[in-house]
Amino acid sequence: MKLVGRHLTVGLIYDRSLWLFPALIGTIIPFSWQLVNLYGTLPAILIILGIFQLLIVSLAAVLYPFLLLFQLSFITAYYLAALVVALAFVSWMSVNTVINCRAGFKLIKLQFSTRTALMLMGLLLSNCCMSLPVSSQTTFWDIHLKPHLAGRLQTKSWEEIIAAIRHDYQQVQNLLPHAVLFGCSPGSFKGLWRAAGLPENQLLIMETIIPQEHARVFRVDRPFYFYVIFNS
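Using this note's numbering, read the sequence shown as starting at 196 and increasing by one per residue.
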C-alpha cells in the first residue's frame with residue numbers, strides 16, 4: 196500500500212512529462228519530409244492530414260467518457276483534442292526556435308524528435324533498427340539543411356561547407372552534449388565529414404529505398420541516404 200501511495204503522490208507525474216507535448220508532434224513530423232521524398236507532395240499531405248485526424252479522434256475518444264459526466268458531446272471532445280494537438284504543435288515549434296536561435300547554425304536546422312521516430316524512420320527507409328548508446332539525458336533531433344540551401348549546396352565552396360560543418364558540430368556539442376541527430380538527404384556527407392576532421396565513429400550512413408530519380412527536385416541525381424550522428 197505504501198508503494199501505491201507513492202505512485203499516487205511523488206510518482207503521479209514527473210517533470211519530464213511536459214516533454215510529451217512537443218514529443219507528440221516531434222514523432223510525426225519527421226515522416227512528412229520522407230513521405231514527400233517517397234510519394235510526392237500531394238500524397239504526403241493527404242497521409243499526414245489523415246495521421247493527425249486519427250490522432251485527434253483517438254484523443255477525443257479518450258476524453259469523451261470524462262466529458263459525459265458534464266453531458267458534453269463528442270464534438271466538444273473533438274475540439275478539445277484538436278486544441279491539445281495545436282498546443283503540442285506550438286510547444287514543438289517553440290523548442291525548435293529556441294535551440295536554433297541559441298545555436299546560430301550556419302548549415303543546418305534542428306527539429307525536436309524522439310527515439311520512436313528514429314527507429315521507425317530507420318525501418319521505413321533502410322529496413323534497419325539501430326542500437327545506439329543512449330542515456331536518460333539523450334535527446335533526439337531531426338536534422339535538415341537550412342531551407343535556402345536545399346538543392347543549392349553547390350553554390351557554396353568546399354571550404355565554406357567544411358567550415359560550416361565544423362561550426363555546427365561544435366555548437367551541437369556545446370548545447371546538446373547528449374544529442375542524437377538523424378535525417379535523410381540525397382548524397383552522402385561522409386566525405387565532407389571526414390574532410391572536416393570529425394570523428395567517424397559518431398556517424399552512421401545507410402542507403403535508403405527512396406528512388407534516386409526523386410532527387411531531381413533538389414537539382415541533383417543521387418541516391419538518398421539515411422544518416423545518424425551521435426555522441427559516443
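Beta carbons are placed, not taken as given, at the ideal position from N, Cα and C, and that holds for glycine.
Secondary structure of residue i, DSSP reduced to three states
{"i": "Cys-379", "result": "strand"}
{"i": "Phe-384", "result": "coil"}
{"i": "Tyr-364", "result": "helix"}
{"i": "Gln-205", "result": "Gln is not the amino acid found at residue 205; the sequence shown has Val there. It is coil, neither helix nor strand."}
{"i": "Val-423", "result": "strand"}
{"i": "Ile-223", "result": "helix"}
{"i": "Met-196", "result": "coil"}
{"i": "Ala-277", "result": "helix"}
{"i": "Leu-215", "result": "helix"}
{"i": "Leu-233", "result": "helix"}
{"i": "Ala-410", "result": "helix"}
{"i": "Ala-391", "result": "coil"}
{"i": "Leu-370", "result": "helix"}
{"i": "Leu-282", "result": "helix"}
Status (buried if at least 16 other CB within 10 Å, exposed otherwise) for residue i
{"i": "Ile-208", "result": "exposed"}
{"i": "Phe-261", "result": "exposed"}
{"i": "Ile-240", "result": "exposed"}
{"i": "Gly-200", "result": "exposed"}
{"i": "Asn-232", "result": "buried"}
{"i": "Trp-287", "result": "buried"}
{"i": "Gly-299", "result": "exposed"}
{"i": "Phe-265", "result": "exposed"}
Extent of the continuous alpha helix (DSSP H) to which residue i belongs
{"i": "Ile-404", "result": "Ile-404 -> no alpha helix (DSSP H), and no H or E assigned at all."}
{"i": "Ala-239", "result": "236-262"}
Contact with chain C by residue i, beta-carbon distance below 8 Å
{"i": "Thr-334", "result": "Among the chains in the structure shown there is no chain C, since it carries only a single protein chain."}
**Prompt:** Does the stretch 240-257 come close enough to the stretch 318-333 that 3 or more CB-CB pairs lie under 8 Å?
**Reply:** no
**4 or more residues per run - each alpha helix (DSSP H) lying fully within the stretch 291-367** = 310-321
**Prompt:** Is the stretch 247-256 touching the stretch 398-405, taking contact as three or more C-beta pairs under 8 Å?
**Reply:** no
**Message:** So, does the stretch 209-224 touch the stretch 385-392, judging by three or more C-beta pairs under 8 Å?
**Reply:** no
**Message:** Does the structure place the stretch 336-345 close enough to the stretch 257-274 that three or more beta carbon pairs sit under 8 Å?
**Reply:** no
**Message:** Closer than 8 Å is the cut-off here; do at least three beta carbon pairs connect the stretch 412-426 with the stretch 360-380?
**Reply:** yes
**Request:** Specify whether the stretch 393-400 and the stretch 305-313 touch according to this definition: at least 3 beta carbon pairs, one from each stretch, less than 8 Å apart.
**Result:** no
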